[in-house]
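Undergrad: Mind having a look at this structure? Questions to follow.
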Amino acid sequence: MNVRNFSIIAHVDHGKSTLADRILEKLGAMGERDKRDQTLDTLELERERGITIKSTPVRLTYQRPSDGISYTFNLIDTPGHVDFNYEVSRSLSACEGVLLLVDASQGVEAQTIVNAYLAIDNNLEIIPVINKIDLPAADPEAAARELEEVIGISAEDAILASGKSGIGIEDILEAIVERIPEPPGDPEAPLKALIFDSFYDAYQGVISFIRVLEGTLRPKDTIMMWSTGKTFDVDKVGFFSPGLVVGDELAAGAVGWVAASIKDIHDALVGDTITQKDRPTETPFPGFKAAQPVVFSGLYPTSTEDYRKLREALEKLQLNDAAFSFEPETSEALGFGFRCGFLGLLHAEIVQERLEREFDLDLIATAPAVVYRLTLSDGTVLETQNPAEFPTRDRIELIEEPYIKLSIMLPEEYVGPVMQLLQDRRGVLITMNYPGRRVELLYEVPFAEILYDFHDRLKSISRGYASMDYEQIGYREGELVKVDIMVNNELVDALAVIIHEDKAYSLGRKIVDKMADVIPRQMWAVPVQATIGGKIIARATVKAYRKDVLAKCYGGDISRKKKLLDKQKKGKARMKQIGTVEVPQEAFLAVLSNDDD
Ligand SMILES: Nc1nc2c(ncn2[C@@H]2O[C@H](COP(=O)(O)OP(=O)(O)OP(=O)(O)O)[C@@H](O)[C@H]2O)c(=O)[nH]1
């Protein structure tokens, strides 16, 4: 059959896209991406505003110069961020091998290790590629040595390459043929196919990207989703060329797509196994889990009239993003909004940005929170991620919070300050390794502690040299308290935060100071207070002062006056009325503001 299914994995910026483009160009597929619109048209895909089609795999043909034999390459893209590690792992399950890129001037980084382990866990053949060897600062030997010491990949096997200048591309193509195995699987066996990505199309319903492991999938087959038992009739199957092209069948080993008039993306989840209803496979692809949101935040429209528009936008986004969840929530301070769940902070930022940009919404977002597990005095256990819903302290027996294992790679000279940062974040050092030129720190840290500005702080402390990655490791007890915020003597429920006892006072101070700073002055003095269980722990005052912008405009310069008024109006755009005081969006994120501000 001469098929090779592979993926490229790398730390961010180590040159993945550049190398992929170079391979595409070499195999004559450059410019094919532009044809995508056309190929998609054959599927009558609606290119609806706001719904971007995810990056699809690419099918390429490689004719070996030595013997002229042709090979079909399926290059499968993987998301590049830790929030989406489960998706990365599923995409890798669709492959037999990977190109593991390491920047020759940077060496092995945190994501290099995590990605390499994902590949090893999936039993994939790893082709190490030392990339960017054209750079003057390149040190390929050191990078190869690090690969050997840290990950245990033989340095001799590494290919030296440059995606930029094209060095090593032929070697890479040959290695793909020689080292990556032909996909296994019996096309006559009962169908077993893995879903590694899905997106929603208004005409076809859900289109799933699949890897057929056993059997053969054809149009008109009745398929069954393993996790739910739901059945669907297949409309079309096909390949990526790139873009979606209709085909006759997908047999064992193939990477392609299937459309079966599935109306809800939750019926075609990444990681689930597709089989045939009448002749099901005996064992599904292992390790299926529906992606669980781990970070939650409230989203509220700045103007109440936008509530319906926001709901529609959230529904639309969810069609394409099964990992994103939302439910209605009401806040005394903010009115009607939604509690939204995300895979991580980056995921939260992406969703929020899309809502604002693509759906033209002005939003107030509350500080992100993790899921806490509470054991109440009466023995009931409940999980909540909403500080506003926390019971009073006297009703709580035990609070547990999620922990992560954090891996940080950095040059030795920054170890001191970074360890200090981790200590401030309640981190516990597990081990310290010295692979090659760098130090690897392994910590266990409360997840909540890295939600706020941790990555930025790490980068600035290490001048950009430290890299990090993490995984969830379960729940641990924590001495946590709820800090409430009052503005003008009114409790603002949406501003409540959960925080470790030892940090409550300084955080309370920080929040009230920041708020007093960003709330516009009023005609009377407005007190801002932080409290724990009703006890005031910090207080600041928004001074009284009326800002009369027009006073500045001497003479009758109308256009200037207008400009100033417009400016003032814009400044108001993201305000929320709380009692008699207008509070800007910034205030809701005061808890996130940098300690150094
Ligand atoms: N000198 C040199 N620069 C390169 C090479 N490959 C990539 N770069 C540069 O490195 C930067 C990152 O390259 P990308 O290909 O975008 O890296 P990536 O890994 O895809 O990055 P993400 O998409 O952000 O994960 C860009 O500025 C490239 O121009 C190379 O072989 N040599």
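Mapping the sequence shown onto the UniProt record's numbering, position 495 (from 1) lands on 495, and the numbers just tick up by one.
Cβ coordinates follow ideal geometry from the N, Cα and C atoms, glycine included.
None of the values given here were measured: they were computed from a predicted structure.
What residues in its chain sit with their C-beta under 8 Å from that of V418, if we drop five residues either side in the sequence?
TA: Closer than 8 Å at the Cβ level, and outside the excluded window around V418, lie I408, L410, L441, L458, I461, S462 and A466.
Undergrad: Determine which residues share a DSSP beta bridge with A538 and list them.
TA: Paired residues: A530.
Undergrad: How long is the line joining the alpha carbons of L24 and A144, rounded to whole angstroms?
TA: Those two C-alpha atoms are separated by around 26 Å.
Undergrad: Given that a residue counts as buried once 16 or more other Cβ atoms are within 10 Å of its Cβ, and exposed if not, what is K263?
TA: Exposed is the call here.
Undergrad: Since G341 sits in a beta bridge, which residues does DSSP pair it with?
TA: Per DSSP, F296 and S325.
Undergrad: I need the DSSP call for S93, collapsed to helix, strand or coil.
TA: Three-state result, S93: helix.
Undergrad: Just to confirm, are G168 and I159 a CB contact at a threshold of 8 Å?
TA: Going by C-beta atoms, G168 is nearer than 8 Å to I159.
Undergrad: Is it the case that the stretch 4-14 contacts the stretch 96-108, given that we only count it when at least three CB pairs across the two stretches are under 8 Å?
TA: They touch, by the three-pair rule.
Undergrad: Residue range of the alpha helix (DSSP H) that P417 falls in?
TA: Residues V415 to D424.
Undergrad: In angstroms, rounded to a whole number, what distance separates the CA positions of G341 and V581?
TA: For G341 and V581, the distance between alpha carbons rounds to 29 Å.
Undergrad: Starting from the N-terminal side, write out each stretch of the beta strand (DSSP E) that is 3 residues or longer and does not extend beyond the stretch 198-247.
TA: Counting only runs of 3 or more, we get 205-214, 222-225, 231-233, 236-240 and 244-247.
Undergrad: For E188, which option in L250, A494, L507 and P391 has the closest C-alpha, if you only look at C-alpha atoms?
TA: Looking at the Cα atoms, L250 is the closest of the given residues.
Undergrad: Within 10 angstroms of its Cβ, does D221 collect 16 or more other Cβ (buried), or is it exposed?
TA: D221 comes out buried.
Undergrad: From E146 to F447, what does the alpha carbon distance come to, in whole angstroms?
TA: Between E146 and F447, the C-alpha separation is close to 29 Å.
Undergrad: By Cβ distance below 6 Å, which residues in the same chain neighbour P140 in space, the five residues on each side in sequence not counted?
TA: These residues qualify, in order along the chain: A104, I130, I133 and L160.
Undergrad: Quick check on the burial criterion: 16 or more other C-beta atoms within 10 angstroms. Buried or exposed for E48?
TA: Model confidence at E48 stands at a pLDDT of 38, short of 50, so the residue's coordinates are unreliable and nothing is read from them.
Undergrad: What do you reckon, is the C-beta of V58 under 7 Å from a heavy atom of ligand 1?
TA: Flag unset: Cβ of V58 not near ligand 1.
Undergrad: Are there 16 or more other CB atoms within 10 angstroms of the CB of A587, so buried, or fewer, so exposed?
TA: A587 is buried by the Cβ-count criterion.
Undergrad: Need the endpoints of the beta strand (DSSP E) that G508 sits in, please.
TA: That residue, G508, is in no beta strand (DSSP E); its alpha helix (DSSP H) goes E501 to V518.
Undergrad: Could you pull out every residue in the same chain whose Cβ sits closer than 8 Å to the Cβ of I519, ignoring the five residues on either side in sequence?
TA: The answer, listed in chain order, is V487, V526, V528, V542, V581, E582, V583, P584 and A587.
Undergrad: Got a sec, what are the start and stop residues for the beta strand (DSSP E) D456 sits in?
TA: No beta strand (DSSP E) holds D456; the alpha helix (DSSP H) holding it covers F454 to I461.
Undergrad: On the CB-based measure, 16 or more other CB atoms within 10 Å of its CB, does N5 come out buried or exposed?
TA: With 16 or more Cβ atoms within 10 Å of its Cβ, N5 is classed as buried.
Undergrad: Does the Cβ-Cβ distance between K194 and R179 come in under 8 Å?
TA: One detail in the question is off: residue 194 reads as Leu in this sequence, not Lys. Not in contact: L194 and R179 (Cβ atoms no closer than 8 Å).
Undergrad: Following the continuous beta strand (DSSP E) through F73, name the residue where it begins and the one where it ends.
TA: Segment S70 to I76, the beta strand (DSSP E) holding F73.
Undergrad: If you draw a straight line from the C-alpha of L43 to the C-alpha of V206, how long is it?
TA: Its pLDDT being 40, under 50, L43 is placed unreliably in this model, and the value from its coordinates should be taken loosely. Between L43 and V206, the C-alpha separation is close to 13 Å.
Undergrad: State the Cα-Cα distance for the pair S227 and P280, rounded to the nearest angstrom.
TA: Those two C-alpha atoms are separated by around 13 Å.
Undergrad: The beta strand (DSSP E) spanning A365 covers which residue range?
TA: Counting along the chain, the beta strand (DSSP E) containing A365 begins and ends at L363 to A365.
Undergrad: What residue range is occupied by the uninterrupted beta strand (DSSP E) comprising K482?
TA: K482 -> beta strand (DSSP E) spans L480 to V487.
Undergrad: So, under 8 Å CB-CB, V370 and L451 are touching, yes? Tell me the CB distance rounded to an integer number of Å.
TA: Yes, V370 and L451 are in contact; Cβ-Cβ is about 7 Å, under 8 Å.
Undergrad: Do you know how far the Cα of E87 is from the Cα of A175?
TA: Each residue's Cα considered, the two are about 26 Å apart.
Undergrad: If you compare alpha carbons, which of Y505, D394, I126 and E471 is closest to residue 637?
TA: Outside the modelled stretch of the chain, which goes from 1 to 597, sits residue 637, for which no answer is possible.
Undergrad: Nearest-angstrom Cα distance between F296 and T304?
TA: Looking at the two C-alpha atoms, the distance is approximately 21 Å.
Undergrad: In the DSSP assignment, what are the bridge partners of D469?
TA: In the DSSP output, where bridge partners are listed per residue, D469 has S407.
Undergrad: Alpha carbon to alpha carbon, how far is P219 from M468? Give it in angstroms, no decimals.
TA: Near 45 Å, if we compare the C-alpha coordinates of P219 and M468.
Undergrad: Using DSSP's beta-bridge definition, name the partner residues of W257.
TA: DSSP output for W257 lists F209 and G238 as bridge partner(s).
Undergrad: Could you tell me whether the Cβ atoms of A544 and W524 are closer together than 8 Å?
TA: Yes.
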